[in-house]
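A quick write-up on the structure given underneath.
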Amino acid sequence: MNREEFKNKCEERGLALTERQLEQYDEYASFLVEYNEKVNLTAIVEYEAILEKHFYDSLLLSFEKKIEGNFVDVGTGAGFPGVVLKIAYPSLKVILLEPLQKRCVFLNELIKRLGLLDIEVVNVRGEDYSLKKREAFDYVSARAVTNLNALIEVAGTMVKEGGYFIALRGSSGQEEIANANNAISQMGFAIEKTYEERLADGSLRIISFMKKIKETPKKYPRKYSIIKQRPL
Numbered sequence: 005m006n007r008e009e010f011k012n013k014c015e016e017r018g019l020a021l022t023e024r025q026l027e028q029y030d031e032y033a034s035f036l037v038e039y040n041e042k043v044n045l046t047a048i049v050e051y052e053a054i055l056e057k058h059f060y061d062s063l064l065l066s067f068e069k070k071i072e073g074n075f076v077d078v079g080t081g082a083g084f085p086g087v088v089l090k091i092a093y094p095s096l097k098v099i100l101l102e103p104l105q106k107r108c109v110f111l112n113e114l115i116k117r118l119g120l121l122d123i124e125v126v127n128v129r130g131e132d133y134s135l136k137k138r139e140a141f142d143y144v145s146a147r148a149v150t151n152l153n154a155l156i157e158v159a160g161t162m163v164k165e166g167g168y169f170i171a172l173r174g175s176s177g178q179e180e181i182a183n184a185n186n187a188i189s190q191m192g193f194a195i196e197k198t199y200e201e202r203l204a205d206g207s208l209r210i211i212s213f214m215k216k217i218k219e220t221p222k223k224y225p226r227k228y229s230i231i232k233q234r235p236l
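The numbering of the sequence shown is my numbering, which starts it at 5 and goes up by one.
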């Protein structure tokens with residue numbers, strides 16, 4: 005996916021990017037590749053692949069539902085999807101949770117270079133942050149490969165009633181979501197919408213919006229060691 009294709013694909017989905025936003029994505033890609041030489045951030049380093057598999061992929065969740073208010077990206081890594089969404093939707097307030105300090109250094113420098121406001125990097129694990137920020141955010145998501153049952157318990161606590169946990173999964177996503185039905189219910193969520201998206205190379209993405217319909221019981225989240233041993 006080249007720059008023009010990226011712009012056109014976004015426009016087809018209702019997202020009209022300005023030249024300044026496209027320049028920010030260009031600078032993001034360039035800095036990602038540069039920094040990746042000293043800190044392992046991604047295995048994808050070709051510009052066109054970054055546009056498709058990191059940037060366009062990160063934006064998929066915003067094409068079917070308007071994302072506004074505040075958004076927490078759990079285990080953001082190199083800023084996917086949090087920073088990508090912030091560039092596209094400047095009014096969105098974004099918190100990037102990242103447990104590795106060296107990635108946080110990259111993220112803070114990236115934010116400075118791109119001139120982004122109302123975006124914060126927090127060097128903490130999701131399970132620790134959820135204890136401090138219970139039922140506080142409109143949207144919480146993650147591209148993490150963690151077991152979905154565990155991810156919902158860790159991240160779902162942060163979502164306020166009426167807000168959403170957004171599950172971003174790969175080709176096995178439908179099965180993972182079906183297997184997480186108990187966790188979804190126990191955490192106070194109901195699936196509002198699940199849909200499939202395909203990238204140009206045929207890769208399948210499963211995106212599920214889970215709405216918090218009631219307060220999460222106070223006993224959750226449990227200690228992470230217990231979550232891993234006995235997922236909901």
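Beta carbons are placed, not taken as given, at the ideal position from N, Cα and C, and that holds for glycine.
Within the segment 107-140, ranges of the beta strand (DSSP E) (whole runs, at least 3 residues): 123-126
CB-CB length for L258 against T80, believed under 8 Å: Only positions 5 to 236 of the chain appear in this structure, which leaves residue 258 out of reach.
Nearest residue (CA-CA) to G83, options P235, E196, A146, S212: A146
Residue span of the beta strand (DSSP E) that contains K216, given as start and end: 208-216
In DSSP terms, what I71 is bridged to: BP columns for I71 are empty, so no partner.
Three CB pairs or more closer than 8 Å across the segment 65-72 and the segment 37-47: no
Nearest to F110 (by Cα), restricted to the options E41, G174, M214: E41
Proximity below 8 Å, CB of G167 to CB of K216: yes
Buried or exposed by the 16-neighbour rule on C-beta atoms within 10 Å, applied to R194: Position check: residue 194 holds Ala in this sequence, whereas Arg was assumed. It counts as exposed.
Residues near K164 by beta carbon distance below 8 Å, same chain, minus five either side: E139, A140, F141, D142, K216
Whole-angstrom distance between Y39 and D61, CA atom to CA atom: 21 Å
Residues near K106 by beta carbon distance below 7 Å, same chain, minus five either side: V43
Endpoints, the beta strand (DSSP E) within which L89 is located: Premise fails: L89 lies in the alpha helix (DSSP H), 86-92, not in any beta strand (DSSP E).
A234 versus R173: straight-line alpha-carbon distance, rounded: The sequence shown places Arg at residue 234, rather than the Ala named in the question. If you take the alpha carbons of R234 and R173, they lie about 21 Å apart.
Selection from E201, G119, G206, T161 that minimises the alpha carbon distance to K223: T161
Continuous beta strand (DSSP E) stretch holding G166: start and end: 163-173
Bridge partners - D243, DSSP secondary structure assignment: Residue 243 lies beyond the residue range present for the chain, which begins at 5 and ends at 236; the question has no answer from this structure.
Limits of the unbroken beta strand (DSSP E) element including F193: 193-202
For E228, three-class secondary structure by DSSP: Here the sequence assigns Tyr to residue 228, which means Glu is not the residue at that position. Here Y228 sits in helix by DSSP.
Terminal residues of the alpha helix (DSSP H) in which S189 lies: 185-190
Residue range of the alpha helix (DSSP H) that includes S34: 23-40
Simplified DSSP state of V48, which is helix, strand or coil: The sequence shown places Ile at residue 48, rather than the Val named in the question. Looking at I48 - three-state DSSP - the assignment turns out to be coil, as it is neither helix nor strand.
E180 in three-state terms, based on DSSP: helix
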